[in-house]
Amino acid sequence: MRIQHLGRRDHAEMEAAMRAFTAARATDTEDELWLVEHAPVFTQGVAGRDSHVLAAGDIPVARSQRGGQVTYHGPGQVVAYPLVDLRRLDIYVKEYVFRLEQAVLDTLAEWAVTGHRVRSAPGIYVRLDDPFGHAALAPAAPGEDPFRGLGKIAALGIKVSRHFAYHGVALNVAMDLEPFQRIDPCGYAGLKTVDLRALGVAVDWDDAARRLAAQLQRRLA
Numbered sequence: 005m006r007i008q009h010l011g012r013r014d015h016a017e018m019e020a021a022m023r024a025f026t027a028a029r030a031t032d033t034e035d036e037l038w039l040v041e042h043a044p045v046f047t048q049g050v051a052g053r054d055s056h057v058l059a060a061g062d063i064p065v066a067r068s069q070r071g072g073q074v075t076y077h078g079p080g081q082v083v084a085y086p087l088v089d090l091r092r093l094d095i096y097v098k099e100y101v102f103r104l105e106q107a108v109l110d111t112l113a114e115w116a117v118t119g120h121r122v123r124s125a126p127g128i129y130v131r132l133d134d135p136f137g138h139a140a141l142a143p144a145a146p147g148e149d150p151f152r153g154l155g156k157i158a159a160l161g162i163k164v165s166r167h168f169a170y171h172g173v174a175l176n177v178a179m180d181l182e183p184f185q186r187i188d189p190c191g192y193a194g195l196k197t198v199d200l201r202a203l204g205v206a207v208d209w210d211d212a213a214r215r216l217a218a219q220l221q222r223r224l225a
C-alpha cells in the first residue's frame with residue numbers, strides 16, 4: 005500500500021480525486037492510503053438528511069458519495085482515505101468496516117485509550133468517565149440510549165464501486181469541537197464528540213497520522 009501524506013486539502017478536491025482514482029484503477033493498481041486534514045466542512049452522506057444539520061452557520065455543507073449521515077471535518081483531525089481493492093483482499097464490506105475500526109482501536113491503545121464499538125453505529129467511542137479503563141462495554145438494554153456515557157472519537161464512512169473502496173475514517177486529535185454541536189453527529193441527536201486532547205492525550209497531527217497509517221496498513225495488507 006502506497007501512503008501519501010497530502011497535508012491540508014479541500015474536501016471537494018479530495019472527493020473528486022478519489023472518484024477519479026477509483027474510476028481509472030484496474031485490478032493490478034496498487035492500493036493507496038491518503039492522509040489529509042480538511043478546512044472546516046460538514047459533509048453529508050448519500051442518504052444524509054438535511055434536518056440533521058441544525059445550524060451550519062459559516063461552515064459549508066458538502067454532499068459526499070460516502071455512506072452515513074452528517075459529520076464534521078476540520079483542523080486537528082486526521083482523515084484517512086484508504087483506496088483499496090476488496091476483491092484482492094478477499095473480504096466483503098462488513099469485514100472491511102471491522103478492520104478500519106480495529107485499526108483505530110489499535111491506534112488509540114498506543115496512548116492507553118480504550119475504544120469501543122457500538123452495535124449498528126459505525127465508528128469508535130470512548131467512555132467519557134473512564135477513557136483508559138479496560139472494562140467491556142455492555143450492550144444497551146431495549147429502550148436505553150446506546151450512547152449514554154460515551155463520546156465519539158472516530159467517524160467512519162465508505163463508498164464501494166466495482167469492489168474498490170474509498171472514503172474512510174476520521175480520528176479526532178486536537179480540534180475545535182464546537183461545530184459538532186451544530187449537527188446531529190452521524191444522525192444521532194445529542195451524541196457527544198471528543199478528541200484525544202479532551203481525554204488528556206497530547207499528540208500532534210503528524211504523529212497521530214503516522215500511527216493510524218501504520219495500523220491501517222497492517223490491517224489492510
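Count along the sequence shown from 1, then add 4; that gives the number in our numbering. Cβ atoms here follow ideal geometry from the backbone N, Cα and C, with glycine treated the same way. All values reported here derive from a predicted model rather than from experimental measurement.
Item to check | Stretch-stretch touch, CB-based, cutoff 8 Å, three pairs: the stretch 10–28 with the stretch 135–152 | outcome: No contact exists between the stretch 10–28 and the stretch 135–152.
Item to check | Contacting residues, own chain, Cβ-Cβ under 7 Å from Leu141 (five flanking each side not counted) | outcome: Closer than 7 Å at Cβ, skipping near neighbours: His120.
Item to check | Thr26 - containing alpha helix (DSSP H), residue span | outcome: It spans His15 to Ala28 - the alpha helix (DSSP H) in which Thr26 sits, taken as one unbroken run.
Item to check | Of the listed residues Leu10, Gly191 and Asp35, nearest to Val82 (C-alpha basis) | outcome: Comparing Cα-Cα distances from Val82 to each of Leu10, Gly191 and Asp35, the minimum goes to Leu10.
Item to check | Residue nearest to Ser124 in terms of C-alpha spacing, selected from Gly161, Leu90 and Asp110 | outcome: Of the listed residues, the one whose Cα sits closest to Ser124 is Gly161.
Checklist entry - What residue does the beta strand (DSSP E) around Phe168 start on, and which one ends it? => result Run containing Phe168: Phe168 to Asn176, per the beta strand (DSSP E) assignment.
Checklist entry - Between the C-alpha atoms of Glu182 and Asp32, what's the straight-line distance to the nearest angstrom? => result If I take the Cα positions, the gap works out to 43 Å.
Next on the checklist: In whole angstroms, give me the CA-to-CA distance for Phe136 and Lys156.
Outcome noted: Using only the alpha carbons, I get a separation of about 15 Å.
Item to check | Nearest neighbour of Pro143, chosen from Val97, Pro126 and Val122 [CA to CA] | outcome: Comparing Cα-Cα distances from Pro143 to each of Val97, Pro126 and Val122, the minimum goes to Val122.
Next on the checklist: I need the DSSP call for Arg186, collapsed to helix, strand or coil.
Outcome noted: Under the three-state reduction of DSSP output, Arg186 falls in the helix class.
Item to check | Cα-Cα separation, His167 to Arg91 | outcome: His167 and Arg91: Cα-Cα distance of roughly 6 Å.
Next on the checklist: For Val45 and Val74, what's the separation of their Cα atoms in angstroms?
Outcome noted: In a straight line, the C-alpha of Val45 is about 10 Å away from that of Val74.
Checklist entry - Do Val198 and Val130 have their C-beta atoms closer together than 8 Å? => result Here Val198 is near Val130, since their CB atoms are less than 8 Å apart.
Checklist entry - Buried or exposed: Gly204, going by 16 or more other Cβ atoms within 10 Å of its Cβ? => result Per the 10 Å Cβ criterion, exposed.
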